[in-house]
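Novice: Just so you know, we're using the working numbering here: the sequence shown kicks off at 10 and counts up by one. Don't be surprised by glycine CBs; every beta carbon is placed ideally from N, CA and C. Remember, predicted model here, so these are calculated numbers, not experimental data. Here it is, the structure, as structure tokens.
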Amino acid sequence: MQRAFANVGAASPRHTSAPGDEVRLVRDALEAGATTIAVLGGDGTWSKCAAALVSTGSADRCRLAFLAGGTGNDFVKSLDAPAHDPAAMAELCADPRAERRVDMARLDGSWFLNVAGFGYDAAVVEAMLRPQWLRGRARYVGAALSRLHAYPGTAVSFDDGVSWETTLLLAVANGRAFGGAFRIAPSAQVDDGALDLVSVGDAGLAARLVLFARVVLGRHEQSAAVRTDRARAFTLRFRLPPLYQADGELHRAASDVVTIESVPQVLRVASPRRQG
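Now the structure itself:
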């Protein structure tokens with residue numbers, strides 16, 4: 010990666026040394042006059058850098074380029090950018106016209122880039138924080154299988170706070186994929202100004218295994234246990250402030266009422282120029 014970017018005249022790389030360092034490094038790059046910031050990492054790192062950029066109001070003068078170096082690298086599956094090819098990404102970064110605008114989302118006053126998940130999804134991320142020998146995509150799949158039988162489901166109201174549903178998994182997606190292997194919202198678009206809500210109803214273990222396999226293939230939306238909606242914003246009500254994950258980072262909501270909204274085309278990203 011360093012060789013590829015040195016070949017196009019990029020500045021020397023800067024490294025994070027502790028959680029949260031992404032914000033400092035983005036601000037340092039902006040103060041130095043950067044017009045493109047290339048980020049090597051995964052969804053969590055990309056999301057933190059994107060949030061730091063848009064929260065400073067600097068997205069109009071600086072774009073981000075995503076280089077795959079994390080566990081799932083899911084957001085780039087919704088882009089055209091060759092994130093796994095450092096040389097190709099370096100060439101894109103050298104072309105100031107090679108970009109597109111994409112949406113982000115806000116939840117509890119914080120930004121996320123790809124997917125926020127409640128219920129089983131949050132329990133899986135919590136399980137991933139425990140020591141384990143698996144790495145990469147297998148790490149998420151292993152944690153998901155370990156929680157598939159034990160997770161009891163969570164009660165959520167989508168509308169008026171009166172009609173409650175027991176839900177296994179609830180995801181609000183800007184991008185199409187998460188967890189390294191799961192096409193949770195296969196028709197989601199990162200630049201349409203909307204979010205895709207995917208709710209998987211509770212079921213027994215056998216049905217959960219079938220749904221698990223269908224999500225990997227992106228064929229779960231045809232199941233009677235799955236509810237999908239698309240909107241600019243969603244308001245969800247829980248019995249208690251829920252645990253949730255946003256781009257792989259675990260959080261506890263501030264309230265039992267959670268609003269998630271799309272912020273359209275707020276971020277510029279390095280991507281091949283579209284034809285026509």
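Helix, strand or coil for T65 per DSSP?
Specialist: Taking the sequence shown and counting its residues from 1, the one referred to as residue 65 is at position 56. In the structure shown, T65 sits in coil (DSSP, three-state: anything other than H, G, I, E or B).
Novice: Rounded to whole angstroms, what's the CA-CA distance from D117 to D201? Just pull it up for me.
Specialist: Within the sequence shown, numbered from 1, the residue matching residue 117 stands at position 108. Within the sequence shown, numbered from 1, the residue matching residue 201 stands at position 192. Roughly 22 Å between the two C-alpha positions.
Novice: Quick check: the Cα distance between A197 and F243, rounded to an integer number of angstroms?
Specialist: Taking the first residue of the sequence shown as position 1, residue 197 is located at position 188. Taking the first residue of the sequence shown as position 1, residue 243 is located at position 234. Rounded to the nearest angstrom, the two C-alpha atoms are 15 Å apart.
Novice: When the distance is taken between beta carbons, is V165 closer than 8 Å to R246?
Specialist: Walking along the sequence shown from the start, residue 246 turns up at place 237. Walking along the sequence shown from the start, residue 165 turns up at place 156. Yes, the pair counts as a contact, with Cβ atoms nearer than the cut-off.
Novice: Have a look at the DSSP bridge pairing and note the partners of D205.
Specialist: Walking along the sequence shown from the start, residue 205 turns up at place 196. DSSP lists A182 and R239 as partners of D205.
Novice: In the structure shown, what three-state DSSP assignment does D52 receive?
Specialist: Start at 1 with the first residue of the sequence shown, and residue 52 comes out as number 43. Helix at D52.
Novice: Put G285 into one of helix, strand or coil per three-state DSSP.
Specialist: Position 276 of the sequence shown, counting from 1, holds the residue named residue 285. Any answer about G285 is weak, because its pLDDT of 45 lies below 50 and its placement is not dependable; what the coordinates show is given next. DSSP places G285 in coil when its eight states are reduced to three.
Novice: In three-state DSSP terms, what is Q254?
Specialist: Residue mapping note: residue 254 aligns to position 245 of the sequence shown, counting from 1. Here DSSP, grouped into helix, strand and coil, assigns Q254 to strand.
Novice: Can you tell me whether N183 is buried or exposed? The criterion is at least 16 other CB atoms within 10 Å of its CB, across all chains shown.
Specialist: One-based indexing of the sequence shown puts residue 183 at position 174. Its Cβ being crowded by 16 or more others within 10 Å, N183 is buried.
Novice: Grouping DSSP H, G and I as helix and E and B as strand, with all else coil, what is F247?
Specialist: Here the question's residue 247 lines up with position 238 in the sequence shown. Reduced to three states, the DSSP call for F247 is strand.
Novice: With H, G and I counted as helix, E and B as strand and the rest as coil, what does DSSP make of M113?
Specialist: The residue labelled residue 113 in the question sits at position 104 within the sequence shown. Reduced to three states, the DSSP call for M113 is strand.
Novice: Name, in chain order, the residues that DSSP records as bridge partners for I46.
Specialist: What you label residue 46 is simply residue 37 of the sequence shown in a count that begins at 1. Answer is L73.
Novice: DSSP state of A19, grouped into three classes?
Specialist: As a first step, residue 19 is located in the sequence shown; it is residue number 10 there, counting from the start. Coil.
Novice: For S280 and T45, I'd like the C-alpha separation in whole angstroms.
Specialist: Sequence index remark: in the sequence shown, residue 280 carries index 271 (1-based). Sequence index remark: in the sequence shown, residue 45 carries index 36 (1-based). Taking the straight line from one Cα to the other gives about 12 Å.
Novice: Can you find a CB in chain D that lies within less than 8 Å of the CB of M10?
Specialist: In the structure shown, chain D does not exist; there is a single protein chain.
Novice: Roughly how many angstroms separate the alpha carbons of A153 and S67, rounded to a whole number?
Specialist: As a position in the sequence shown, residue 153 is number 144, starting the count at 1. As a position in the sequence shown, residue 67 is number 58, starting the count at 1. Rounded to whole angstroms, A153 to S67 spans 37 Å at the Cα level.
Novice: Counting C-beta neighbours from all protein chains within 10 Å, is the total for H229 16 or more, i.e. buried, or is it exposed?
Specialist: Against the sequence shown, residue 229 aligns to sequence position 220. So H229 ends up on the buried side.
Novice: Measuring straight from C-alpha to C-alpha, what distance separates L177 and D52?
Specialist: Residue 177 sits at position 168 when you count from the first residue of the sequence shown. Residue 52 sits at position 43 when you count from the first residue of the sequence shown. Computed Cα separation, rounded: 23 Å.
Novice: Which residue from R33, A97, R12 and L39 puts its Cα closest to that of R70?
Specialist: The residue labelled residue 70 in the question sits at position 61 within the sequence shown. When only C-alpha atoms are compared, the closest one is L39.
Novice: Pop quiz: A234 and G210 are said to be a contact at Cβ under 8 Å. What is the actual Cβ separation, rounded to whole angstroms?
Specialist: On the sequence shown, residue 234 is found 225 positions in, with the first residue counted as 1. On the sequence shown, residue 210 is found 201 positions in, with the first residue counted as 1. Sure, about 4 Å apart at Cβ, within 8 Å.
Novice: When you compare only the Cα positions, how much space is there between G188 and L76?
Specialist: By one-based count along the sequence shown, residue 188 stands at place 179. By one-based count along the sequence shown, residue 76 stands at place 67. So the two alpha carbons sit approximately 17 Å from each other.
Novice: What separation, rounded to the nearest whole angstrom, lies between the Cα atoms of L157 and L218?
Specialist: In the sequence shown, the residue the question calls residue 157 occupies position 148. In the sequence shown, the residue the question calls residue 218 occupies position 209. If I take the Cα positions, the gap works out to 8 Å.
Novice: Quick one: what does DSSP say A132 is sitting in, helix, strand or coil?
Specialist: Within the sequence shown, numbered from 1, the residue matching residue 132 stands at position 123. DSSP places A132 in helix when its eight states are reduced to three.
Novice: Cα-Cα, which of N123, E270 and R192 is closest to V225?
Specialist: Numbered from 1 along the sequence shown, position 216 holds the residue referred to as residue 225. Of the candidates N123, E270 and R192, the one whose C-alpha sits nearest the C-alpha of V225 is R192.
Novice: How is H158 classed by DSSP in three states: helix, strand or coil?
Specialist: Position 149 of the sequence shown, counted from the start, is the residue given in the question as residue 158. Taken through DSSP and simplified to helix, strand or coil, H158 comes out as coil.
Novice: Determine, using beta carbons only, whether I99 and F14 come nearer to each other than 8 Å.
Specialist: Residue numbering aside, residue 99 sits at position 90 when the sequence shown is read from its first letter. Residue numbering aside, residue 14 sits at position 5 when the sequence shown is read from its first letter. According to the sequence displayed, residue 99 carries Ala and not Ile. Cβ distance < 8 Å, so A99 and F14 count as in contact.
Novice: Any idea what DSSP makes of A279, helix, strand or coil?
Specialist: Numbered from its first residue, the sequence shown carries residue 279 at position 270. The DSSP-derived three-state label of A279 is strand.
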